[in-house]
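Q:
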Amino acid sequence: MTISFILNNTLVTSELSAGYPLLDFIRNEQNLKGTKIGCREGDCGACTILLGTLVENHIDYKAVNSCLLATGELQGKHIVTIEGINKSGELIPVQQLLADERASQCGFCTPGIVNSITGYMLTAIELSEEKLIEALDGNLCRCTGYTSIKRSVESIISTFREKYSALQDKETRMQAMVDWGIVPEYFLSIPEKLKAIENKVSPSGDSEGKIIAGGTDLYVQHYDEMYTKNLTFLNIEQNISKIEIKDTYCYIPAGTSVDELYHSEKLTSVLPEISKTFGLISSTPIRNRATLGGNLVNASPIADLAIFFLALNAEVILEKESKTRIIALKDFYLDYKKLDLNEGERLIWLRFSLPKKNTFFHFEKISKRLHLDIASVNSAFSISYENDIIKDCSLSAGGVAAIPKYLENFSRYLIGKELKSEVILNAIGIARTEVMPISDIRGSKEYKSLLLEQCIIAHFLTLFPEKLKAEDLL
Amino acid sequence: MIKDFIHSHLKGESVFIDDMNLPKNTLILAVIASPVAAGVLKNIDTKEALASDGVIGILLADDIPGENELGNIIQDEKLFVENELEFIGQPIGIIAAENAQSAKKALKKIKLDFEEHTGIFDPRDAYKKNLLIAPPRTFQMGNMKSAWEKCDVIIEDRVDSGMQEHLYLETQNAVTILGDNGKLFIYSSTQSPTAVQRTVASVMGLPMHQIEVDVLRLGGAFGGKEDQATAWAAMTALAAQKFNRPAKLVLGRHEDLTYTGKRHAYSSDYKLGLSKDGKILAYEVMFYQNGGASADLSTAILERTLFHSTNSYYIPNVSATAASCKTNLVPNTAYRGFGGPQAMFVLESAIHRAAEVMNFEVLDIQRKNLIKKDDTFPYGMKVLDNHGLHCFDRALSHYNYDKKKQKIDDYNRTHTLKKKGLSLMPICFGISFTSTFLNQASALVHVYTDGSVGISTGAVEMGQGVNRKMKLVASKVFSLSIDKIKIESTNTTRAANTSPTAASSAADMNGNAVKIACDMILERLKDFISEKTQQKVDTLEIKNNHIFINGEKSHWSWKSLVWDVYFSRTSLSAQAHYATPNIFFDKKTEKGDAFAYHVVGTAITEVTLDTLRGQYHIDSVEIVHDFGESLDPLTDRGQVEGALVQGIGWVTIEDIQHNSVGRNLADTLATYKIPDIYFAPDKIDVDFYENPENSKGPFNSKAIGEPPFMYGIGAYFAIENAMKAFRPGLDIPASAPLTPEKVLMTLYQEKLLYKKYGH
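Protein chains in written order, with this note's numbering: chain A, 6 to 479; chain B, 6 to 764.
1) Is there a C-beta anywhere in chain A that falls below 8 angstroms from the one on B:D660?
2) Give a yes or no on whether 8 angstroms exceeds the smallest Cβ distance from A:P208 to chain B.
3) I'd like to know whether the C-beta of A:L145 is nearer than 8 angstroms to at least one C-beta of chain B.
4) Note down, in chain order, all residues in the region 6-28 of chain B with a beta-carbon under 9 angstroms from any beta-carbon belonging to chain A.
5) Let me confirm a value: B:D24 is counted as buried when at least 16 other C-beta atoms fall within 10 Å, else exposed. Which label applies?
6) Could you tell me which of A:G448, A:A308, A:V440 sits nearest to A:F368, measuring between CA atoms?
7) Quick one: what does DSSP say A:K3 is sitting in, helix, strand or coil?
8) When you compare the CB of B:T676 with every CB in chain A, is at least one pair closer than 8 angstroms?
9) Which partner residues does B:H630 have in the DSSP bridge list?
10) Of all the CB atoms in chain B, is at least one closer than 8 angstroms to the CB of A:I429?
11) Once the 5 residues before and after B:G763 are set aside, which same chain residues still bring their CB inside 8 angstroms of it?
12) What's the C-alpha gap between B:A601 and B:H171?
13) Rounded to the nearest angstrom, what separates A:I118 and A:L141 at their Cα positions?
14) Three-state secondary structure (DSSP) at B:Y406?
15) Check the C-beta distance from B:L670 over to A:I446 and give it rounded, since I have them as a contact under 8 angstroms.
16) Using a Cβ cut-off of 8 angstroms, pull out every chain C residue sitting near A:R45, in sequence order please.
17) Of the residues B:I160, B:D380, B:E103, B:Q169, which one's Cα is nearest the Cα of B:F227?
18) Keeping to the same chain, check which residues put their C-beta closer than 8 angstroms to that of A:G219; ignore five residues upstream and five downstream.
19) Please identify, using Cβ separations under 8 angstroms, the residues of the region 462-477 of chain B that lie next to chain A, in order along the chain.
20) Using alpha carbons as the reference points, say which of A:E106, A:I122, A:A129, A:T152 lies closest to B:I682.
21) I need the DSSP call for B:V20, collapsed to helix, strand or coil.
22) Please classify B:T616: is it buried, with 16 or more other beta-carbons within 10 angstroms of its beta-carbon, or exposed?
23) Touch check for the region 181-197 of chain B and the region 237-250 of chain B: three-plus C-beta pairs under 8 angstroms?
24) Looking at the secondary structure, which residues open and close the beta strand (DSSP E) in which B:F553 lies?
25) Using CA coordinates, which residue listed in B:I737, B:E755, B:I588, B:S494 is at the minimum distance from B:L443?
26) Would you check if there are 3 or more beta carbon pairs closer than 8 angstroms linking the region 20-28 of chain A to the region 140-157 of chain B?
27) Can you give me the start and stop residues for the beta strand (DSSP E) that B:A35 sits inside?
28) Can you tell me whether B:F10 is helix, strand or coil according to DSSP?
29) Give me the Cβ distance between B:C330 and B:A131, rounded to the nearest whole Å; I'm assuming they're in contact under 8 angstroms.
30) If you run the structure through DSSP and keep just helix, strand and coil, what is B:A579?
31) Would you mind sorting A:H227 into buried or exposed? The rule is 16 or more other CB atoms within 10 Å of its CB.
32) Quick check on DSSP: helix, strand or coil for B:N104?
33) Could you give the DSSP three-state label for A:C460: helix, strand or coil?
34) With DSSP collapsed to three states, give me the class of B:L752.
35) Which partner residues of B:V45 appear in the DSSP bridge assignment?
36) Relative to the C-alpha of B:N46, which candidate in B:K425, B:Q95, B:L545, B:E82 has its C-alpha closest?
Structure below.
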């Protein structure tokens, strides 16, 4: 299989296996050593690069971990490494502002940080310190303690904030980026160059290969095997526009990335909880690649999206040779990593009923480190509450069973009850009988059991702060 | 803006060893490692692996031409296992292959036949079985027996602190290239080029002059590449010589986390006695250090634990004993603070416990007992100044401690689901290697005929900015702009018999050596002018790249002067040696002036605790720190901030746990969590307490690398205080890291007890 893409300002081709990691392609095949190997599991950000996709006449750039990216998926893309951002003989403004605060000590994480910042600068509509810091949530630095980096963030924002308010449309935007020294001039010519490359529409790759949609967990678990692996890539691009609200349902394509979910106005208008909590799911570069379908099918018992949508009583739409089957997400999980998914069947859509009036929803994720960490326990809760009576409710929890768990008995008990502390405490007692956590590095089983209780209390205290007293529940 | 190495960092152009362009025939190595923590290796079947695609060869203990020995202080560590398997990840041999994938594939085809034994992982268990790395040591002062009788309050408790992974972003690595006549060029990511040179020479059975070790820069180290970098370099040397090809070894992150030593976990018992007015009268402490399977630097670390057992306090009667215990874990090693943090955490826990029992403010006990001028440390050294006390008081006033405390109390009265906590953490850290002989450094300075300057020292640049400081020293002596000065790689042929870049002292000692060497050259330059102009030397001055005589600009620029001096056949090079003066330590009496000086300071930490979820956030850390006269404030501030955040990580979320067979459960970055940009404190403020009284560092500067790490301990007590604000009187076991799990399990211990026994 031959793959052609533009690496910085050069057209390159790869004849390697589809699974060959981009990180190694960049360093070993192209001898660009500014992209560093820190962990090969998307947890440090030293290998962060920019992935550019042609959308009409402009290019949409995203910061991604090159250790988790298959070269086979790059047909017609623009890949930007630190070498493609540098300006000969001088520092670009972002680099200069980092240098001024001495925001680089050993220098190993630095190219990744510059790329993450550049990725943000290329896409931000309005600049904010908060969002630029979020753009750095996938970059670890062991030397600086981040303080000098944050000072640089402040100066970058104050240097460019006003300029950004004058930015016009996407077409002219890149000219401004070049004028302000965010990226070199050659970026202007990339759309035309990409158009000249055959832009095979995904799914691409090898038809017989393992099917992936993002693949961010696959590389973490099996990177040694990826060098010679064939892969089949599902389309994970531009699904945001396909998110649809029809009748009483919201439909989300399985290939939608977590970042698209996070930033879909359509979705966040019906589920504001997404804007509040999706920043806690992995990191910016991983959110840019990880997909809804991938997270659901990967079937980790702690999968954030599975837990989130379980409590919304979501359904999955499965397809095989144009025959579709709709099943409840809670019935999709049979046992540890075992799904109700037939040979050849694919997850195409997820749908959930639009929340009704007087329905409230809340998501909790508790992990050792708040950001870029896997939850010890996560939980979502949806509740319809009218005239002081619980009409309906659904609770899900991760990290407490072999599958993303839907707690049936808990919900059944609460329906028809008044919202009172004793009732909630009784329901917690029921929830405890529905789970069986195991001890591991993310916590002892006793801790996870306690966390489930705390999550339930957190759901109620967050949704009904006026009706309940914390002291009665703690 | 000065063009500096930071420019190449920002452009990704700084070369690390894994980035080097090596000959195409370079072998890539993979390590065959022990899968069990304890046992006996009976047989290694390499047949299938050897036949695997791309494999060139496999080297085991028998293939070592010299000594199969790594230990620097105590010779108890093999490069490759001979019989005994002592920890998971212990190297048994290496596979050399054409590329990394072939090496990895072959690794899976190695068949090990072994007998597995039950390992020992707890240092107290090891101590009971008398499994010690060296005999225990005791530092003593005063009279313990009579002291206890005078105490009104006596507190006894146990304190634990966990292992910590260095998590340098650049993993361990090395390259060996063959030179002329069997010489081996080694590129090693090491803090200790001489240790690599010495050990490789011994492993290879070669004289040290046949081994040249070169270190350009390290992608972080923090102590983790002091002794722990050596083995990988030795493996590349073995393979390069054996197969007559360059050889490279880079550990993957998982391997690095599994194979390499970490900060020592400690378990300690203390007894603290106070008078009823809060004066500490007696302190007895027993430290059980978890040394891991071999000595590495454990005994030196243990020694520093004893040196810092009383931290910033004067205690008239002290008995501190420490034992380095041998367990079936990775050989634990140097890590920023070098046993000091573990010691300070114990005493600080004791003080917090005493304050609670006596109903005192912690601050009052801390302040009442701070060490003052003319007080004596348990090791017999006298305190020369009151900087520690001044920093403490300045922290209180400069950062409005009382007001802050009031605000937090008010907040806690009105909030249930969130509580705030505050703490004060004074530090006092001795500067110098406690092994006196290591307190020496050298510098080689060349002034080239175009006026540019090249400097080689024994200091290794690992992000701490030592190269920049060396430049600043030379630039001050020569009054030369910094861009004319280059710091060369650290290389054993230009700086021989060097001490490791460690103990915070590299900038001090190498900086002093640079200063001496530059002064030597400067003197020659001045002598030359004096001879030519018949002016006295003291009328000459170099300023801004120009020579002034009696305050008047002469015709000599720096460049033309250098040229003229060269023509006069005078050396423009100098080599200098520096040995820290007036330090000594007698291990028989455990007394002596072991340190050149102490670095002191105080941190105020404020945290917010989520009482429902057990998670916490570090709001701010405000620090008054003793910098001497900072050579480079931006670098020094960066060191304080970075060390602090590592220290906070150690006592909060950096959690290493082993399962019952000694496997590290935090062996990926998905499971081992260091502070990220959100976890780091919202605000870190550093107040420069500058004082010119230290004459030991170049231009009155002070060492900076390690001391600020210990400010991080304050986060532990701030969280603890927030927990107590939620549950007054709560019994919190003194155990770091105080993970969100421990917090929640402690806050709700009654609920858990009820559940256990209530049904």
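Beta carbons are placed, not taken as given, at the ideal position from N, Cα and C, and that holds for glycine. None of these values were measured; they are calculated from a predicted model.
A: Reading off the structure:
1) Proximity of B:D660 to chain A, defined by a Cβ-Cβ separation below 8 angstroms, is satisfied.
2) Note that A:P208 scores a pLDDT of 46, beneath 50, so its modelled location is shaky; the value from the coordinates is reported in the next line. It does not: the Cβ of A:P208 has no partner Cβ on chain B nearer than 8 angstroms.
3) Yes - at least one Cβ of chain B is within 8 angstroms of the one on A:L145.
4) Using a CB distance below 9 angstroms, the part of the region 6-28 of chain B facing chain A consists of M6, D9, F10, I11, H12, S13, H14, L15, K16, G17, E18, S19, V20, F21, D23, D24, M25, N26, ordered along the chain.
5) B:D24 is classed as buried because its beta carbon has at least 16 other beta carbons within 10 Å across all chains shown.
6) Of A:G448, A:A308, A:V440, the residue nearest in Cα terms is A:A308.
7) Outside the displayed range of chain A (6 to 479) lies residue 3 of chain A, so it cannot be described from this structure.
8) Judged by the 8 angstroms Cβ criterion, B:T676 is in contact with chain A.
9) Answer is B:G606, B:F693.
10) Not one chain B Cβ lies under 8 angstroms of A:I429.
11) Reliability of the predicted coordinates at B:G763 is poor, the pLDDT of 38 falling under 50, and the value obtained from them is presented with this limitation in mind. Beyond the five residues adjoining it in sequence on each side, B:G763 comes within less than 8 angstroms, by CB distance, of no other residue in the same chain.
12) Taking the straight line joining both Cα atoms gives about 27 angstroms.
13) Each residue's Cα considered, the two are about 7 angstroms apart.
14) The DSSP-derived three-state label of B:Y406 is helix.
15) About 4 angstroms separates the CB atoms of B:L670 and A:I446; that is less than 8 angstroms, so the two are in contact.
16) In the displayed structure, chain C is absent; the protein chains listed are A and B.
17) If we check each option's Cα against that of B:F227, B:Q169 comes out closest.
18) Spatial neighbours of A:G219 in its own chain (CB-CB distance under 8 angstroms, excluding positions within 5 residues in sequence) are listed in chain order as I241, S262, R294, A295, T296, G299.
19) Cβ contacts with chain A: M467, G468, Q469, G470.
20) Nearest C-alpha to B:I682 among A:E106, A:I122, A:A129, A:T152: A:T152.
21) DSSP places B:V20 in coil when its eight states are reduced to three.
22) Answer is buried; the Cβ neighbour count reaches 16.
23) Between the region 181-197 of chain B and the region 237-250 of chain B there are three or more inter-stretch CB-CB distances shorter than 8 angstroms, so the stretches are counted as touching.
24) For B:F553, the enclosing beta strand (DSSP E) stretches over residues 551-554.
25) Of the candidates B:I737, B:E755, B:I588, B:S494, the residue whose Cα lies closest to the Cα of B:L443 is B:I588.
26) Too few Cβ pairs lie closer than 8 angstroms, so no.
27) Counting along the chain, B:A35 sits inside the beta strand (DSSP E) bounded by residues 32-38.
28) B:F10 falls in the helix class under three-state DSSP.
29) About 4 angstroms separates the beta carbons of B:C330 and B:A131, which is inside the 8 angstroms limit, making them a contact pair.
30) B:A579: strand per DSSP, three-state reduction.
31) With fewer than 16 other Cβ atoms within 10 Å, it is exposed.
32) It is coil, neither helix nor strand.
33) Note: A:C460 maps to helix in three-state DSSP.
34) Note: B:L752 maps to helix in three-state DSSP.
35) BP columns for B:V45 point to B:E89, B:E120.
36) The question names Asn, yet the displayed sequence has Leu at residue 46 of chain B. The residue among B:K425, B:Q95, B:L545, B:E82 with its C-alpha nearest the C-alpha of B:L46 is B:Q95.
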